[in-house]
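I have placed the structure first, in the form of structure tokens, so that the comments after it can refer back to it.
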Amino acid sequence: VSTQSTGVFSALILPFLYMFIGPLPFFGIATSKLQLLLVLALLGFFVPMGCTPILLIMIEVYKARNGGHMSISASNTIVSLYCSCFPLGAVIGSFSAGIVSLYAPFELSTGVLGIIFLLESTFSIVYCWRVVRMKEHAKISNEETPLLGY
27 VSTQSTGVFS ALILPFLYMF IGPLPFFGIA TSKLQLLLVL ALLGFFVPMG CTPILLIMIE
87 VYKARNGGHM SISASNTIVS LYCSCFPLGA VIGSFSAGIV SLYAPFELST GVLGIIFLLE
147 STFSIVYCWR VVRMKEHAKI SNEETPLLGY
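Read in order, the letters of the sequence shown correspond to residues 27 to 176 in the numbering used here.
Written out as structure tokens, the structure is:
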């Protein structure tokens, strides 16, 4: 399984799981502890599935654009950006859900967070598609890098 397909699969599943935390009223599902625990367990499975490939994709993109070479400072910068974005996303997600919860019930606030996450996932899928296209271009031009797997 490629890192891009794992990231895309996770990007498709996660927004819908967030919409089921509440769940959104139009799903017609009654809120229960079992439903909430099941969704949280699934989130615990799919979040790392989406996060892990992103670092590898970032490194692959850098190497593909720089002829397969990566300095230590570039590697450190990419890892630092990756590690700082996850807590920033947690803060932004919690903050936006908190604001929405002032004006809407819990079901709608988690649903709105899921819809925001769906937009983010759409951008992630477009990004993964561009990485695949860049790999194809690198393959056509006979450029090879270790992580691109030629």
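Cβ coordinates follow ideal geometry from the N, Cα and C atoms, glycine included.
Extent of the continuous alpha helix (DSSP H) run through residue i
{"i": "Ile125", "result": "Ile98 to Tyr129"}
Reduced DSSP secondary structure (H/G/I, E/B, other) of residue i
{"i": "Ile47", "result": "helix"}
{"i": "Ser58", "result": "coil"}
{"i": "Gly140", "result": "helix"}
{"i": "Thr148", "result": "helix"}
{"i": "His163", "result": "helix"}
{"i": "Gly94", "result": "coil"}
Residues near residue i by beta carbon distance below 6 Å, same chain, minus five either side
{"i": "Gly140", "result": "Pro41, Tyr44 and Met45"}
{"i": "Ile118", "result": "none"}
Contacts around residue i, its chain only, beta-carbon distance under 7 Å, and the 5 residues preceding and following it disregarded
{"i": "Met84", "result": "Ile104 and Tyr108"}
Legend entry - Touching by the beta-carbon criterion (3+ pairs, under 8 Å), the region 49-63 and the region 130-143: Yes, since at least three Cβ pairs between the region 49-63 and the region 130-143 fall closer than 8 Å, the two stretches touch.
Legend entry - the region 85-97 / the region 58-75 touching (three or more Cβ pairs under 8 Å): no
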